[in-house]
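In terms of my numbering, the sequence shown is residues 4 to 555. This report refers to the structure that appears directly beneath it.
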Amino acid sequence: MAAEEEAVQPPVGGAAVTNAAEGRCQARGCARAAQAFGCRAAALLSAGIARLLLAGVMRSPVRGLASSDGEEGSDRTPLLQSTPRVEAAPVCGSARYNLAVLAFFGFFVLYALRVNLSVALVDMIDSNTTLADNKTSKECAEHSAPIKVLHNQTGKRYQWDAETQGWILGSFFYGYIITQIPGGYIASKVGGKLLLGFGILGTAIFTLFTPVAADFGVGALIVLRALEGLGEGVTFPAMHAMWSSWAPPLERSKLLSISYAGAQLGTVISLPLSGIICFYMNWTYVFYLFGIVGIIWFILWILLVSDKPETHKAISRHEKEYILSSLKNQLSSQKSVPWVPMLKSLPLWAIVVAHFSYNWTFYTLLTLLPTYMKEILRFNVQENGLLSALPYFGCWLCMILSGQAADNLRAKWNFSTICVRRVFSLIGMIGPAVFLVAAGFIGCDYSLAVAFLTISTTLGGFCSSGFSINHLDIAPSYAGILLGITNTFATIPGMVGPVIAKSLTPDNTISEWQTVFYIAAAINVFGAIFFTLFGKGEVQNWALNDQHGHRN
């Protein structure tokens, strides 16, 4: 036995790993022969891994999927660089996770302020005005009988036809698209804290004045909604800019998915809550409630958040060192923005295409799902707030879980960054496309329609750890500007997608809606394939001070 043990002495550098592996194996109480064989095998395996680590050539277990060019070899070990690696700071009570939680509630408020009008508008309109626009399909049998509820009708009513309502709802995006790129640029120069804070504060204050604007007339309300869009337009780029200084590479998926998941939960809660307020109070209180909540959040944000770890008053020394060391070789200190190489960057345009494609499906469902369920399936979603919010609850849950899974794949399984981004984008875009097409083929099966549409929206949550945060992978220093660029293009579907869908469904038949679902699914699949082919996971040369910096 001594001779056998001598024959399997580990190479230099693997002794400690080998001894630990043998100790663990011997403690299991295996049979003598199996124990000897297993321990020798474990020793050899551990020694081999140790040699690979010491040589700095550890490779991803999914090399074939991630490799598309020679540059991606540097993307496999995000933090195993020549600089010493600081041990990860604890999560509990940390400044970076406190930022994620406050951002979560910020985007919760943001989306509550965005979608509350779509519910309140139903109560703001004189019902006689919309009778002529009612084109309910007769293909499916009536599913839900009218429920007699004591409905408070003290709120003022307006004579706005369907076209006017469309202008009111769409005016938000005309303001939203304008401030995307300026918001990212300003955040890169002065920080995202104040920009994000005042963006949400401004939206909250404008929301409080919605009833007054409605009394002044359609024009005033359209201008007010456009101003709300201007305020919200800076928020996502500002948040991305802040995370470029706060999120360690191996925690990006978790931190960003937590913060942006607030948008989905805001939709989940604000839709039914707005309906309840309209029923038992009146529609004006919808805007008062969410406006006040937005102001309260702003006060907490200003008091508790800092732009960078260096300026945070309560951050621990260990956490500050951990964050700064993990980002040491990724951030650029150059003053000017490299606009030309940035706009020539194919990885950036891969994100643009993916973002545009995903939002086409997202906005189509967000604005027209209630219409489809009411006019085609003849199921009045407003009578069941939980059902109308179910798809977005699923998406919120998926965002949280996918963020955890993505970072575990990178940190514990050594998957490359681009491999994770590609896989999660494929699941989050092709999955929804499949179930969206399936929803068009099930006819009048109400339960299956709700199930398929819910699954479609839920799977979209995987994209939060895919292309949605890839800006931080390819250019952390300019992540806010990059998101401003991609979100500018991604806002276009919110402006034209529902209009095109409406034009394709003049008679509200199932076959017409199948066409709407086909188009959305095809755009989603194209975006997923384009990002898979041209997306990258490493910091691009133009985003560094020189051409020899480290990549993530």
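Virtual Cβ for every residue (Gly too), placed ideally from N, Cα, C.
- The beta carbon of VAL94 lies closer than 6 angstroms to those of TYR100 in the same chain, with the five residues before and after it left out.
- The three-state reading of DSSP puts ILE180 in coil, since its state is none of H, G, I, E or B.
- Non-local beta-carbon contacts of ILE180 in its own chain, meaning distances under 8 angstroms to residues more than five positions away in sequence, involve GLY232, GLY236, THR491, THR494, ILE495, MET498 in chain order.
- Closest in C-alpha terms to SER174, from the list GLY200, GLY222, SER506, comes GLY222.
- Rounded to whole angstroms, the gap between the alpha carbons of LEU199 and ASN119 is 20 angstroms.
- Three or more pairs of CB atoms, one per stretch, sit closer than 8 angstroms, so the region 292 to 310 contacts the region 205 to 225.
- CA-to-CA, the gap between PHE282 and PRO501 works out to about 27 angstroms.
- PRO344: member of the alpha helix (DSSP H) spanning 342 to 346, first to last residue.
- When DSSP states are grouped into helix, strand and coil, ILE128 belongs to the strand group.
- Within the same chain, and ignoring the five residues on either side of THR508 in sequence, the residues whose Cβ sits closer than 7 angstroms to its Cβ are GLU515, TRP516, VAL519.
- Cβ-Cβ distances below 7 angstroms link LEU547 to SER335 in the same chain, with the five nearest sequence neighbours on each side left out; the list follows chain order.
- Short of 7 angstroms from the beta carbon of ILE305, and not among the five residues preceding or following it, lie these beta carbons of its own chain, in chain order: GLY200.
- In this structure, ALA229 keeps its C-beta atom at 8 angstroms or more from the C-beta atom of GLY269.
- ILE472 counts as buried, since at least 16 other C-beta atoms from the protein chains shown sit within 10 angstroms of its C-beta.
- Our two residues, ILE488 and PHE465, have alpha carbons roughly 21 angstroms apart in a direct line.
- Distances from the CA of ALA525 to each of GLY109, MET432, LYS316 were compared; the closest alpha carbon is that of MET432.
- For TYR161, the pairing in a beta bridge is given by DSSP as ILE128.
- Residue state for CYS447 is assigned as coil, using DSSP reduced to three classes.
- In chain order, ARG425, SER428, LEU429 place their CB closer than 8 angstroms to the CB of THR535, counting only its own chain and leaving out the 5 sequence neighbours on each side.
- For SER191 against ALA264, the beta-carbon gap comes to about 24 angstroms, at or over 8 angstroms, which does not count as contact.
- GLN517 carries a helical assignment under DSSP once its states are collapsed to helix, strand and coil.
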